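Read through the structure below, which is laid out as structure tokens, and then see the notes.
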Amino acid sequence: MRPVVVNDALAAREAAHEAGLPYVTDAELSARLTASKRDPARVWLNDVSAVVLQQALADLNTAYRNFFASLKGGRTGPKMAKPRFRSRKDHRQAIRFTANARFKVLANGKLRLPKIGDMPVRWSRPLPSEPSSVTIVKDSAGRYFASFVVGTEPGTLPEGAPAVGIDLGLRHFAVLSNGRKIAAPQFLRRAERNLKRRQRDLSRKHKGSGNRDKARVKVARAHARVADARRDFHHQLSTRLIRENQAVAVEDLAVKALGRTRMAKSIHDAGWSGFVAMLEYKARLYGRQFHRIGRFTPTSQTCCLCGAKDGPKPLHVRAWQCGACGAWLDRDINAAVNVAKAAGLAVTACGAQVRPGAPSLAQRGEAGTHPKSH
Ligand SMILES: [Zn+2]
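Note that my numbering has the sequence shown beginning at 115, numbered continuously upward.
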């Protein structure tokens, strides 16, 4: 419904522009929207809450104002593109209800939406306070999501917590400078396996067959489940790291991109950048330090104990002995400690896996089983 309103409004403005007529004002668009409800082709608009329709227009007007302001140079930040017609192919749909649309979270947990009714909701987390707006999104897999805007007071976290360096990797999702290795959780790996299987099924179906359509829907659902599981995992881990530490440091992802195939890069960078973004905003929210270590810091070439640089090592080398001080270094933990040190954080160099004179035990377990992350 929203794309229709927006497309009608865009069409009105563009037609006026092409005919050399004055710019169609916001008030005029609003009046036309009301009038269009009498149009037999648009009569269904009456079934939609008026506030939602006006909201769609208001969002379009904001987009126009940003576009004009950026033309005049009156707006800082990137140049804005002209508002565009919404594609019919975009299967995602979203509507937003602000407080004056009188949506309501009922005592029985249902969500009351104007002109739609009481919707049962599977709550992912309790609302911390009265929401000021709710956006209902229908994704391409046909599922509905409600996302609420709420004002929150950041909770207080224990002071004096330690600092940590984080190395994001392929073998483990993250390795910490304190020696902890965190694998992707079981529920995420299961979802990923399921996605692979669905994709294989889809590739075997004949083009144009009904079975192929069904398989395609299953792939879309599996994709969505992987994205959800990954986001949940990122939320859990980032919250825990910010809770437990006064300062966190991660390597800039551009560094990680070096020396990997394009395939692996696209898959893993997608996951990493979302995770790092969560770390960053949660650090800000809870008053923690967040450090991003820039390019060209050779985290795997420097001994984290004595600082000796002994050059790049091929990826299959997971542990080595420092030629200068004789310490045995675990590749990932050594990198995590170096990330923390490059950020100027004082971290204790991981007694168990990085130690003078003895080979690490961690290198044996690494290829086979992963420690449980939770
Ligand atoms: Zn050394």
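All C-beta atoms in this analysis are idealised placements derived from N, C-alpha and C, irrespective of residue type, glycine included.
All values reported here derive from a predicted model rather than from experimental measurement.
Report yes if the C-beta distance between Val453 and Thr413 is below 8 Å; otherwise report no. In this structure, Thr413 lies closer than 8 Å to Val453 by Cβ.
Using the C-alpha atoms, what's the distance from Ala288 back to Pro276? Straight-line Cα distance between these residues: approximately 17 Å.
Helix, strand or coil: how does DSSP classify Asp232 here? DSSP places Asp232 in strand when its eight states are reduced to three.
List in chain order: all unbroken alpha helix (DSSP H) runs of 4+ residues lying wholly within the stretch 263 to 342. Runs found: 300 to 318.
Using 8 Å as the Cβ pair cut-off and three pairs as the minimum, do the stretch 300 to 309 and the stretch 429 to 442 touch? Contact between the stretch 300 to 309 and the stretch 429 to 442 is absent, because fewer than three Cβ pairs lie under 8 Å.
What are the boundary residues of the alpha helix (DSSP H) that Val451 is part of? According to the DSSP assignment, Val451 belongs to the alpha helix (DSSP H) that extends over 445 to 456.
Near ligand 1, which residues have their beta-carbon less than 6 Å from any of its heavy atoms, given in chain order? Residues with a Cβ closer than 6 Å to any heavy atom of ligand 1, in chain order: Cys417, Leu419, Cys420, Ala422, Cys436, Ala438, Cys439, Ala441.
Note down the Cα distance separating Ala141 from Leu171, rounded to an integer number of angstroms. Inter-residue distance for Ala141 and Leu171 is about 10 Å (C-alpha atoms, whole angstroms).
Measuring CB to CB, does Gln312 end up less than 8 Å from Ala329? Just to set this straight, residue 312 is Arg in the shown sequence, not Gln. In contact: Arg312 and Ala329 (Cβ atoms closer than 8 Å).
Environment of Glu132 [buried if 16+ CB atoms lie within 10 Å]: Classification of Glu132: exposed, given that the 10 Å Cβ count is below 16.
In terms of alpha-carbon separation, which member of Ile280, Asn214, Ala149 lies closest to Ile356? Of the listed residues, the one whose Cα sits closest to Ile356 is Ile280.
What are the boundary residues of the beta strand (DSSP E) that includes Arg146? Premise fails: Arg146 lies in the alpha helix (DSSP H), 140 to 150, not in any beta strand (DSSP E).
Assumed close pair Ala208, Val248 - CB separation to whole angstroms, cut-off 8 Å: Rounded, the Cβ-Cβ distance is 11 Å, inconsistent with contact.
Measuring alpha carbon to alpha carbon, tell me which residue in Ala213, Cys417, Asp122, Val138 is nearest Val264. Ala213 is the residue among Ala213, Cys417, Asp122, Val138 whose C-alpha sits nearest the C-alpha of Val264.
If you count every other CB in all the chains shown that lies within 10 Å of the CB of Thr148, and 16 or more means buried, which is it? So Thr148 counts as exposed.
Which residue or residues does DSSP assign as beta-bridge partners of Pro136? Answer is none; Pro136 lacks a bridge partner.
Thr416: first and last residue of the uninterrupted beta strand (DSSP E) it sits in: For Thr416, no beta strand (DSSP E) segment is defined, and its DSSP state is neither H nor E.
Ala361 and His405 - do their beta-carbons sit closer together than 8 Å? Yes. Within cutoff.
Using DSSP bridges, identify the partner residues of Lys196. Under DSSP, Lys196 shares a beta bridge with no residue.
Need the endpoints of the beta strand (DSSP E) that Phe404 sits in, please. Counting along the chain, Phe404 sits inside the beta strand (DSSP E) bounded by residues 403 to 407.
Assign Trp386 to buried or exposed, taking buried as 16 or more other Cβ atoms, counted over all protein chains shown, within 10 Å of its Cβ. Result: buried.
Closest Cα partner of Asp342 within the set Asp366, Glu394, Gly388: For the set Asp366, Glu394, Gly388, the Cα lying nearest the Cα of Asp342 is the one of Gly388.
Determine the direct distance from the alpha carbon of Ile296 to that of His348, and round the result to whole angstroms. A direct Cα-to-Cα measurement between His348 and Ile296 gives close to 12 Å.
When the Cα atoms are used, what is the spatial distance from Arg226 to Ala129? Rounded to the nearest angstrom, the gap between the Cα atoms of Arg226 and Ala129 is 38 Å.
Nearest to Leu167 by CA position, among Tyr178, Val333, Arg210, is which residue? For the residues Tyr178, Val333, Arg210, the minimum Cα distance to Leu167 belongs to Arg210.
What's the gap between the Cα of Arg326 and the Cα of Lys229? Between the C-alpha atoms of Arg326 and Lys229 there is a straight-line separation of about 36 Å.
Identify the continuous beta strand (DSSP E) that holds Arg226 and give its terminal residues. Counting along the chain, the beta strand (DSSP E) containing Arg226 begins and ends at 225 to 227.
Measuring straight from C-alpha to C-alpha, what distance separates Leu185 and Ser144? Roughly 25 Å separates the two Cα atoms.
Bridge partner(s) assigned by DSSP for Arg210: Among the bridge pairs identified by DSSP, Arg210 is matched with Thr249.
By the DSSP assignment, the beta strand (DSSP E) with Glu365 in it spans what residues? 361 to 365 is the extent of the beta strand (DSSP E) around Glu365.
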